[in-house]
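In our numbering, the protein residues as written are 7 to 260. So the structure is just underneath, and the comments pick up after that.
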Ligand code: 13P
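Encoded structure:
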C-alpha cells in the first residue's frame, strides 16, 4: 500500500506571526511523532517562502500554494505565476478548489490552463472536484465529477498526468461539519479511479493519489483513511490547529 498524503489548506487565514507560530508547532509535533505520511502545507501566498525555508531545513513537510495564475508572465496585475512559486521552492498547488470555482468563477477550461502551468514549473497540482448539494440530491454527482476531470485533466499526456493528485471535496461537506460517510467517499473515489483507469490504464490508476476533503478532522480521519481508495486527506479547518493536523497525519500513517 502506498504511503498516504495529508495536505493542509490554510485558506485565507493567519497573519505572519500566526503563520510562523503554527508552522513551528506543526514542525515540533511532526518531529516528535514521526508519522510515515507525505505531509503538505498550503499556506497563503505571503507565507510560502517562510514555509519553504522551514521545509528545506527540516524536511518534515512539503509546501503548496492554494492557487496559481493561468498566465505565464507579464501584465496581469495581482496574479502569481507558476514560475514565481517554483522559484521559492513550492512543489504543490491546489487548483480548482470549490471556493475558487464559486467566488472567482473559475471554469474547467481556465483550470486546465492552471494545471498545465503548474506542471510546466514542476509543481504537482492538487486538483479539486466535487458536487454541490443539489447535484448530489439529483444523483448527478458522478456526471459532475466526470466532467470536471475530463475537461480539466484528460488532455494531459501520461508524463504529466502521473504528477496530478485529485482531491474529492463534496461542496456540501466543506466547512459545514457535515462529513461524507466513509462509504460515500469510497464510492466516489473508486469512481474517479475507474475513470483514470479507462483513460490512462491500470498502473496510472493505482499510482494516483485521491484525497478526501470536507470536514475531515482528528475524529473521523481514521475511518475515512481506512477506505480502499482514500489515499489521504485535504484538510481545511483542522489544519489550523497543530495538534489536530498532526493527529490526522499520524492516523494516516497507520
Ligand atoms: P474543511 O476541512 O474546513 O471542511 O475544508 C475542507 C477544504 O476545503 C480543504 O480544501
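Just so it is clear, CB atoms sit at the ideal spot from N, CA and C, and this is done for glycine as well.
In chain order, what are the residue ranges of uninterrupted beta strand (DSSP E) at least 3 long that sit wholly in the stretch 57 to 113? Entirely contained in the stretch 57 to 113, the beta strand (DSSP E) runs reaching 3 residues are, in chain order, 68 to 71 and 98 to 101.
Practice prompt. Would you list the one or two residues that DSSP bridges to residue 133?
Written response: For residue 133, DSSP records a beta bridge to 101 and 172.
**Prompt:** Per DSSP, residue 15 is paired with what?
**Reply:** 48.
Reduced DSSP category for residue 216 - H, G, I as helix; E, B as strand; rest coil
In the displayed model, residue 216 falls within a strand according to three-state DSSP.
Practice prompt. Identify every residue that forms a DSSP beta bridge with residue 239.
Written response: Paired residues: 12 and 218.
Nearest by alpha-carbon distance to residue 232: which of 211, 142 and 254 is it? The shortest C-alpha to C-alpha distance from residue 232 to any of 211, 142 and 254 is the one to 254.
- Could you tell me whether any non-hydrogen atom of the ligand 13P is closer than 6 Å to the CB of residue 217? For the ligand 13P, not one heavy atom lies less than 6 Å from the Cβ of residue 217.
### Query
Any idea what DSSP makes of residue 127, helix, strand or coil?
DSSP places residue 127 in coil when its eight states are reduced to three.
Buried or exposed by the 16-neighbour rule on C-beta atoms within 10 Å, applied to residue 129
Counting Cβ neighbours within 10 Å, residue 129 comes out buried, since at least 16 surround it.
message = Taking 6 Å as the cut-off, is the beta-carbon of residue 253 closer than that to any non-hydrogen atom of the ligand 13P?
response = Answer for residue 253: no, Cβ out of range of the ligand 13P.
Could you have a look at residue 155 and say whether DSSP puts it in helix, strand or coil? DSSP places residue 155 in the helix class (H, G or I) of the three-state scheme.
At what residues does the alpha helix (DSSP H) containing residue 229 begin and finish?
It spans 227 to 231 - the alpha helix (DSSP H) in which residue 229 sits, taken as one unbroken run.
Can we say the stretch 19 to 27 touches the stretch 53 to 70, given the rule of at least three CB pairs closer than 8 Å? Result yes; three or more Cβ-Cβ pairs closer than 8 Å.
| said: Taking the alpha carbon of residue 201 as the reference point, which residue from 100, 227 and 154 has its own alpha carbon closest? | reply: It is 154.
Q. Among 227, 157, 74 and 259, which has the Cα closest to the Cα of residue 250?
A. Out of 227, 157, 74 and 259, 227 has the C-alpha closest to the C-alpha of residue 250.
What separation, rounded to the nearest whole angstrom, lies between the Cα atoms of residue 246 and residue 95?
Those two C-alpha atoms are separated by around 22 Å.
Identify the continuous alpha helix (DSSP H) that holds residue 254 and give its terminal residues.
Here the alpha helix (DSSP H) through residue 254 covers 248 to 258.
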